[in-house]
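So the structure is just underneath, and the comments pick up after that.
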Amino acid sequence: MKDDVSFPLEAEGRVLPTLNPDGTRRWLRPRLFPGRFFQRRRAVAWVLIALFTVIPYLSMNKRPLILLDVVHREFTLFGATFLPTDSVLLMLLLVGLFLAIFLITAIYGRVWCGWACPQTVYMEFLYRPIERLIEGGTRGQERLDASRFHPRRLIKHAVFLGLSMFLAHTFLAYFVGVSQLAHWVQRSPLEHPIAFLVMAGATALMLLDFGIMREQVCMVACPYGRFQSVLLDRRSLIVGYDRRRGEPRSKLVRSGLTLVGAAPGAGDCIDCGACVACCPTGIDIRDGLQMECIHCTQCIDACDSIMDRVGRPRGLIRYTSRDELAGEPHRMLRPRVVIYPLLLILVWGALAYALAHRAPADVTVLRGLGSPFTVLPSGLVSNQIRVKIVNRDAVEHRYLVELAEGAAEPAGGVALIAPENPLAVGAGKSATAPIFVTAPREAFEEGRRAVGLRISDGAGWSTVVPYRLLGPEEDDHEREKHEKDEKHEKDKDRER
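Each residue of the sequence shown is one higher than the one before, counting from 340 in the working numbering.
This is the structure in structure tokens:
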């Protein structure tokens, strides 16, 4: 290797907004500008935090408002319970949610990221305010950087731990319910080690997120910013900098008691850096639309406050679109704004229709374990059947299982025997009942016989499930009869 070859350790400028030129982590301390958008976002954030905390305690139709029971594969959303058999309903629900995201993004840009995403809501309106209060604002935080174990930092992390534990318990309540969670909290972790490890893991992840990763979650882990190139168009709402009005930039200089522009013909941007200092992801909004921008509007409040101080109109940074920034007229109507709502109406309409016409119980008829049929000493053929009933209703029902009448009525001599009939099934629960259907050999044709099983709850609901009984084929029957006759003849010969 030649001696004159050098390997630079520092980049020429900043590669990422969260990295220093030498590759070390650049900790962001966004400056707070409590403007009009900040006040609105804070109100929305506190409403969302309150909803997230209260929802596990609310109920609808005698069911939890939201309960995602992964263990039992039951998902309750706004009083409706979805089971594994409801794959079509779950598909419609997910497709509808994705279409809603596409529509909102096409019209309002990344309004979700800046106004409603839990990452933004909890980071900017819970963790960071507490951090500023304990560490003394941006300047106090910079002074504490020299000491990792400063008492204020330790106090902050202790408070963060308590908050993260509370959020982890609230998060867990969405999957197990508040009653089960309260039972676990009052017991030793040794009695429910898996649940305790889940809670501890969720707490650790939240500490890692809000205490260390922070903006890296939006910039590295979250894929939403990378999708904006296909979700947004030139008419979508964005937070943008008006280059035509702001450029060329020029610093202000003080002349007596007033501030004047340093160069004639300069734009309104005075290059104060307030929009960069307040950005929670560390970008410069003046560089145009960027993947890291979460449209939180903090740069709007910062720029508006500076414009008020220097006596210039607001709106240098504002909610706008790329077409408007380029001087083109604002046009709301375009193909995706028409197609997305039509598809959304179609999907949500299909989901509403399916939910309105969904049966109050889910019935599955399965063949019994072991041999498909048994020939009893009496000559009757017995089929063992398992009937699984899932009660979707909010009250307990007793389900009666009987042979159906009408076109599917079996031949004479067919009978149904059930150890427990009617079968009691609790609200939102499932139960399986073994039953036996016996029929004479004459009822079978080529070893098969179609019957119907009627299941009713005694409250006006009933359904008929077709089922095919299995039995010996005619050839088998003749062969067994012939074998019996031969055996009978042999027995007579021995007697003689």
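We treat Cβ as the ideally placed atom computed from N, Cα and C, and that holds for glycine.
**Study point:** Continuous beta strand (DSSP E) stretch holding His-736: start and end
**Key:** Walking along the sequence shown from the start, residue 736 turns up at place 397. 736 to 742 is the span of the beta strand (DSSP E), which, as asked, contains His-736.
Point to revise | For Val-729, the residue or residues it bridges with in DSSP | key: The residue you call residue 729 lines up with position 390 of the sequence shown. Paired residues: Asp-701 and Ser-769.
**Study point:** CA nearest to the CA of Ile-774, picked from Ile-756, Ala-782 and Arg-787
**Key:** As a position in the sequence shown, residue 774 is number 435, starting the count at 1. Closest in alpha carbon position to Ile-774, among Ile-756, Ala-782 and Arg-787, is Ile-756.
Practice item. Just tell me which of Gly-612, Phe-712 and Tyr-692 has its CA closest to the CA of Cys-642. Key: Here residue 642 refers to the residue found at position 303 when the sequence shown is read from its first residue. Nearest option by C-alpha distance: Gly-612.
Check your understanding: In chain order, what residues of the same chain lie with their CB nearer than 6 Å to the CB of Ala-693, ignoring the 5 residues before and after it?
Key -> As a first step, residue 693 is located in the sequence shown; it is residue number 354 there, counting from the start. Cβ contact annotation for Ala-693 (same chain, cutoff 6 Å, sequence separation greater than five): Leu-428, in chain order.
Point to revise | Local conformation of Phe-712 per DSSP, three classes | key: Counted from its first residue, the sequence shown places residue 712 at position 373. Correct three-state label for Phe-712: coil.
Exercise for review: Determine the direct distance from the alpha carbon of Leu-407 to that of Ala-798, and round the result to whole angstroms.
Suggested key: Here the question's residue 798 lines up with position 459 in the sequence shown. Here the question's residue 407 lines up with position 68 in the sequence shown. Using only the alpha carbons, I get a separation of about 29 Å.
Review point. Considering only residues of the region 420 to 496, which uninterrupted alpha helix (DSSP H) runs meet the minimum length of 4 residues and lie entirely inside it, listed in chain order?
Key: Fully enclosed alpha helix (DSSP H) runs of 4 or longer: 426 to 447, 457 to 461, 467 to 474 and 476 to 483.
Check your understanding: Does the beta-carbon of Pro-619 have 16 or more other beta-carbons within 10 angstroms, so that it is buried, or is it exposed?
Key -> Within the sequence shown, the letter at position 280 stands for residue 619. By the 10 Å Cβ count, Pro-619 comes out buried.
Review point. Per DSSP, Glu-785 is paired with what?
Key: The residue given as residue 785 occupies position 446 in the sequence shown. Under the DSSP definition of a beta bridge, Glu-785 lacks any partner.
**Study point:** DSSP three-state assignment for Val-524, whether helix, strand or coil
**Key:** Mapped onto the sequence shown, residue 524 falls at position 185. Look at Val-524 here: in three-state DSSP terms it is helix.
Review point. Given that a residue counts as buried once 16 or more other Cβ atoms are within 10 Å of its Cβ, and exposed if not, what is Val-460?
Key: The residue given as residue 460 occupies position 121 in the sequence shown. That one is buried.
Point to revise | For Asp-408, the residue or residues it bridges with in DSSP | key: Residue numbering aside, residue 408 sits at position 69 when the sequence shown is read from its first letter. For Asp-408, which the question treats as bridged, DSSP gives the partners Glu-413.
**Study point:** Leu-792 versus Glu-781, Ala-782, Glu-784 and Pro-805, residue with shortest Cα-Cα distance
**Key:** For the purposes of this step, residue 792 is taken as residue 453 along the sequence shown, with counting starting at 1. Nearest option by C-alpha distance: Pro-805.
Check your understanding: Taking the Cβ atom as the reference point for each residue, do Ala-564 and Pro-587 lie within a distance shorter than 8 Å?
Key -> Position 225 of the sequence shown holds residue 564. Position 248 of the sequence shown holds residue 587. The question names Ala, but residue 564 in the sequence shown is Gly. Going by C-beta atoms, Gly-564 is not nearer than 8 Å to Pro-587.
Point to revise | Residue interval of the beta strand (DSSP E) (run including Leu-808) | key: Indexing the sequence shown from 1 puts residue 808 at position 469. That run of the beta strand (DSSP E) goes 801 to 809.
Review point. Is it buried or exposed for Ala-521, if we count other Cβ within 10 angstroms and need 16 for buried?
Key: Working through the sequence shown from its first residue, we reach residue 521 at position 182. Residue environment analysis places Ala-521 among the exposed positions, since fewer than 16 neighbouring C-beta atoms fall within 10 angstroms of its C-beta.
Review point. Considering only C-alpha positions, which residue in the set Val-409, Leu-571 and Arg-370 is nearest to Gly-475?
Key: For the purposes of this step, residue 475 is taken as the residue at position 136 of the sequence shown. Among Val-409, Leu-571 and Arg-370, the Cα nearest to that of Gly-475 belongs to Arg-370.
Check your understanding: Applying the criterion that 16 or more other CB atoms from any shown protein chain within 10 Å of the CB defines a buried residue, is Leu-431 buried or exposed?
Key -> By one-based count along the sequence shown, residue 431 stands at place 92. By the neighbour-count criterion, in which 16 or more other beta carbons inside 10 Å mark a residue as buried, Leu-431 falls on the buried side.
Check your understanding: With Asp-548 and Val-556 assumed to form a contact (beta carbons below 8 Å), what rounded beta-carbon distance in angstroms separates them?
Key -> By 1-based counting over the sequence shown, the position of residue 548 is 209. By 1-based counting over the sequence shown, the position of residue 556 is 217. The C-beta distance from Asp-548 to Val-556 rounds to 6 Å, short enough to fall under 8 Å.
Exercise for review: Confirm, please, whether the CB-CB distance from Pro-395 to Ala-512 is below 8 Å.
Suggested key: For the purposes of this step, residue 512 is taken as the residue at position 173 of the sequence shown. For the purposes of this step, residue 395 is taken as the residue at position 56 of the sequence shown. In this structure, Pro-395 lies closer than 8 Å to Ala-512 by Cβ.
Exercise for review: Have a look at Asp-572, Gln-723, Asp-610 and Asp-647 and flag the residue whose alpha-carbon is nearest the alpha-carbon of Thr-659.
Suggested key: Translated into positions along the sequence shown, residue 659 becomes position 320. Thr-659 has its Cα closest to that of Asp-572, out of Asp-572, Gln-723, Asp-610 and Asp-647.
Review point. What's the gap between the Cα of Gly-579 and the Cα of Thr-477?
Key: The residue given as residue 579 occupies position 240 in the sequence shown. The residue given as residue 477 occupies position 138 in the sequence shown. Inter-residue distance for Gly-579 and Thr-477 is about 26 Å (C-alpha atoms, whole angstroms).
Review point. Identify the residues that DSSP records as bridge partners of Phe-775: which are they?
Key: Residue 775 sits at position 436 when you count from the first residue of the sequence shown. As a beta-bridge residue in DSSP terms, Phe-775 pairs with Gln-723 and Ile-756.
**Study point:** Residues bridged to Ser-795 (per DSSP)
**Key:** To locate residue 795, count along the sequence shown from 1; it is residue 456. Residue pairing by DSSP puts Ser-795 in a beta bridge opposite Leu-739 and Ser-801.
Exercise for review: Use the C-beta contact count for Ala-746: other C-beta atoms within 10 angstroms, 16 or more gives buried, fewer gives exposed.
Suggested key: The count along the sequence shown starts at 1 and reaches residue 746 at position 407. Since pLDDT at Ala-746 reaches only 38, below the 50 mark, its modelled position is unreliable, and the value read off the structure follows with that caveat. Residue environment for Ala-746: exposed (fewer than 16 other C-beta atoms within 10 angstroms of its C-beta).
Check your understanding: CB Phe-372 to CB Thr-636, shorter than 8 Å?
Key -> As a first step, residue 372 must be located in the sequence shown, where it is residue number 33. As a first step, residue 636 must be located in the sequence shown, where it is residue number 297. Contact flag unset, no.
Point to revise | Cα-Cα separation, Arg-584 to Cys-608 | key: Working through the sequence shown from its first residue, we reach residue 584 at position 245. Working through the sequence shown from its first residue, we reach residue 608 at position 269. Going from the Cα of Arg-584 to the Cα of Cys-608 covers about 8 Å.
Point to revise | As assigned by DSSP and simplified to three states, the class of Glu-568 | key: Position 229 of the sequence shown holds residue 568. The question names Glu, yet the displayed sequence has Ser at residue 568. Correct three-state label for Ser-568: helix.
Review point. If you check the beta carbons only, do Val-790 and Leu-715 fall under 8 Å apart?
Key: Indexing the sequence shown from 1 puts residue 790 at position 451. Indexing the sequence shown from 1 puts residue 715 at position 376. Taking 8 Å as the Cβ cut-off, Val-790 and Leu-715 do not qualify as a contacting pair.
Review point. Under the rule that 16 or more other beta-carbon atoms within 10 Å means buried, what is Lys-495, buried or exposed?
Key: Sequence index remark: in the sequence shown, residue 495 carries index 156 (1-based). It counts as buried.
Exercise for review: Could you tell me if Gly-453 is buried or exposed, where buried requires 16 or more neighbouring beta carbons within 10 angstroms of its beta carbon?
Suggested key: Numbered from 1 along the sequence shown, position 114 holds the residue referred to as residue 453. In this structure Gly-453 is buried. Its beta-carbon is surrounded by 16 or more other beta-carbon atoms within 10 angstroms.
**Study point:** Pair within 8 Å by beta-carbon distance, Cys-614 and Ile-656
**Key:** Residue 614 sits at position 275 when you count from the first residue of the sequence shown. Residue 656 sits at position 317 when you count from the first residue of the sequence shown. In contact: Cys-614 and Ile-656 (Cβ atoms closer than 8 Å).
Check your understanding: In whole angstroms, what separates the C-alpha of Pro-699 from that of Ala-772?
Key -> As a position in the sequence shown, residue 699 is number 360, starting the count at 1. As a position in the sequence shown, residue 772 is number 433, starting the count at 1. Taking the straight line joining both Cα atoms gives about 18 Å.
Point to revise | Which of helix, strand or coil DSSP assigns to Gly-579 | key: For the purposes of this step, residue 579 is taken as residue 240 along the sequence shown, with counting starting at 1. It is a strand residue.
Point to revise | Cut-off 7 Å between Cβ atoms - residues of its own chain near Leu-397, not counting five sequence neighbours on either side | key: In the sequence shown, residue 397 corresponds to position 58, counting from 1. Within its own chain, the residues whose Cβ lies closer than 7 Å to the Cβ of Leu-397, once the five positions on either side in sequence are excluded, are Leu-404, listed in chain order.
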